Amino acid sequence: MTKQRKESYFWTSFSDLMTSMFFVMLVLFILTIALLHRKMVDIEKERKATQAQIDKIKEIEEAVNKIDSTYFDYNKVYKKHILKIKVNFPLAQSNINTLNDDTRKELINAGRSIQSTLKKINFEYPEIQYLLIIEGQASKDNYTQNYELSYERALALWKLWNADSIYFGSNCEVLISGSGTSGSMRDSKESLNQRFLIHIIPKPGIIEKNKSN
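In the working numbering, each residue's number is its place in the sequence shown (first place is 1) plus 1.
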């Protein structure tokens, strides 16, 4: 075989090799673009789903915040409802029966207001779960067990509602807490800190509108 033929064979083979490599690279490039596009589509779907969840949570929070202003004031900073009913327990007392009849009646009506609000929201969003926190506070005085006392008062309120058949549904978890004389959400007038704070929190999870709507 002559030198010229050898060179011709080499360049032909080299050309075929480069052409094959070009097509391989082209296929890999197209495959990469397709995979990236699919990934971007998946990310966009996930982003939209997450945003939809956030929007639903905001809608639910706004609905919760519209609870009857007759009994509640909403604090936007701490995202808690202040029970407006003035509660004056005797010193070191947590027995709900030490409150007068009118006060107990107002507390019951406030519980019914929460029950009614959650019932409406649950109808529209049957899959949502809630955390309802009943927080008791206490005024600063010479009593040394105000933390325990504030918890006992919150528990007494919960028992009062239960005794009047006020329940918040199986998808609502209730927590009883007492912050005593601590916390940043306090009134400057100490006597007004004998009160209850209500915190209603939608739990993260599936949020789906009732399909019958």
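We put the beta carbon where it would ideally sit given N, CA and C, even for glycine. Model, not experiment: these values are computed from the prediction.
Compute the distance between the beta-carbons of residue i and residue j, then report whether it is under 8 angstroms.
i: I55; j: I115; result: no
i: L92; j: D142; result: yes
i: Y75; j: N66; result: yes
i: E136; j: S185; result: no
i: S192; j: S151; result: no
i: R187; j: V88; result: no
What's the C-alpha gap between residue i and residue j?
i: L37; j: S21; result: 24 angstroms
i: G112; j: W162; result: 6 angstroms
i: L158; j: T71; result: 18 angstroms
i: V42; j: P203; result: 29 angstroms
i: I134; j: R39; result: 43 angstroms
i: N123; j: N194; result: 32 angstroms
i: F30; j: I44; result: 21 angstroms
i: E63; j: I129; result: 15 angstroms
i: P127; j: I109; result: 25 angstroms
i: I201; j: T118; result: 11 angstroms
i: L18; j: V25; result: 10 angstroms
i: I61; j: S183; result: 29 angstroms
i: S213; j: K121; result: Low per-residue confidence applies at S213: pLDDT is 43, beneath 50, and the placement is therefore not dependable, though the value from the model is reported in the following sentence. If you take the alpha carbons of S213 and K121, they lie about 14 angstroms apart.
i: K85; j: T104; result: 11 angstroms
i: Q138; j: A164; result: 22 angstroms
i: R96; j: R154; result: Just to set this straight, residue 96 is Asn in the shown sequence, not Arg. Each residue's Cα considered, the two are about 7 angstroms apart.
Is residue i buried or exposed, if buried means 16 or more other CB atoms sit within 10 Å of its CB?
i: E107; result: buried
i: K81; result: buried
i: V28; result: exposed
i: I83; result: buried
i: N147; result: buried
Touch test, the segment 47 to 55 against the segment 174 to 184, Cβ-Cβ under 8 angstroms, three pairs minimum: no
Completely contained beta strand (DSSP E) runs for the segment 97 to 159, where each covers 3 or more residues: 131 to 138
Those runs of the alpha helix (DSSP H) which lie wholly inside the segment 21 to 93 and span at least 4 residues: none
Runs of beta strand (DSSP E) wholly within the segment 170 to 197 (minimum 3 residues, chain order): The qualifying runs are 173 to 181.
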